[in-house]
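Residue numbering for the sequence shown is 3 to 265, as defined by my numbering.
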Amino acid sequence: MTLPHDYYLKFVSSEVLDETLAFHAKGNYTIHTICQHASTLHHIPSKELEALTGNELPLNILEKEAPDQYFTLSPLKPEHYLKRNESCDWFVERPLDFETIQSLTAPLLTQEGHSYKRGYPSGGAIYPIEVFFVNLDNRISRWPSESNVLHLLPSSKTFETNSPQIDATKLTQAIIPKVSNIGRPALALLYIAYLPKALFKYRYRGYRLALMEAGSMYMLIDLRCKELNLQSRPWSGFTDYEITKYLKLNPALFTPLCVQFVG
Numbered sequence: 003m004t005l006p007h008d009y010y011l012k013f014v015s016s017e018v019l020d021e022t023l024a025f026h027a028k029g030n031y032t033i034h035t036i037c038q039h040a041s042t043l044h045h046i047p048s049k050e051l052e053a054l055t056g057n058e059l060p061l062n063i064l065e066k067e068a069p070d071q072y073f074t075l076s077p078l079k080p081e082h083y084l085k086r087n088e089s090c091d092w093f094v095e096r097p098l099d100f101e102t103i104q105s106l107t108a109p110l111l112t113q114e115g116h117s118y119k120r121g122y123p124s125g126g127a128i129y130p131i132e133v134f135f136v137n138l139d140n141r142i143s144r145w146p147s148e149s150n151v152l153h154l155l156p157s158s159k160t161f162e163t164n165s166p167q168i169d170a171t172k173l174t175q176a177i178i179p180k181v182s183n184i185g186r187p188a189l190a191l192l193y194i195a196y197l198p199k200a201l202f203k204y205r206y207r208g209y210r211l212a213l214m215e216a217g218s219m220y221m222l223i224d225l226r227c228k229e230l231n232l233q234s235r236p237w238s239g240f241t242d243y244e245i246t247k248y249l250k251l252n253p254a255l256f257t258p259l260c261v262q263f264v265g
């Protein structure tokens, strides 16, 4: 069953929507060459940052427990299919075919034999996360559309072009600002929450569920990339309003959560 996307607004409190947008906006920041000299995420010295990175958090700090053989744990073997590759620091330019991109979508589609259940968990089976596939600088061969942006339709098991007027060059620059140094990925997946869908049932809690869902989705794609011999990297170095502007989406209803590069 398909509903008009604005139908969900009928059941959404304007107060909940406004407050969720305001909270989300606090995590937004501007990445642009014109202000890169004046903007920063933190002022923590490198030495301190190194000491603060990668630590576990023991809570029993009052006594030292003796090692117990029953508590000994083992990580996944390197060849295990659930062991993810490390996030790619530098993407080397390589040819990719659209058929590979089609294979990449498999974990996100509606499961065989079910009318709406997809390959990842979603609170209440609402599925508020929309995924856009972006062909970065025309690096993917046999791309089937004049538009370099395709919107995934998981139940229909196909793509659509949500707007023919998208400026792919400006969108690519918004996804990978000039100040970034990550190489040349071929594909970007944009995970974007449609807030009316996220909030109409669970209200504020729905925003949290949407974040959980996006994480489940990009982890599945990460493992799928390993299976297809692709490199992957989640990315948050973008400005929300640039993404929605160049995708022709309403920034009061659609909130970008994450980008995932593939190459």
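No residue lacks a Cβ here, since even glycine has one placed at the ideal position from N, Cα and C.
- Residue pairing by DSSP places Ser143 opposite Asp99 in a beta bridge.
- For His44, the three-state secondary structure derived from DSSP is coil.
- Arg226: member of the alpha helix (DSSP H) spanning 206-229, first to last residue.
- Ser238 and Val261 have their C-alpha atoms roughly 6 angstroms apart.
- In the three-state scheme derived from DSSP, where H, G and I count as helix and E and B as strand, Tyr9 is classed as helix.
- Look at Gln262 here: in three-state DSSP terms it is strand.
- Nearest neighbour of Leu230 by Cα position, chosen from Thr74, Ile184, Thr107, turns out to be Thr107.
- In this structure, Pro109 sits near Gly121, with a CB-CB distance shorter than 8 angstroms.
- Thr32: not part of any alpha helix (DSSP H); DSSP gives it neither H nor E.
- With a cutoff of 8 angstroms on beta-carbon distance, Leu19 and Leu189 are scored as not near each other.
- Of Leu191, Ser76, Leu251, Lys159, the smallest CA-CA separation from Gly217 is found for Leu191.
- Taking a cut-off of 8 angstroms for Cβ pairs, the region 143-159 and the region 92-106 touch, as three or more such pairs fall below it.
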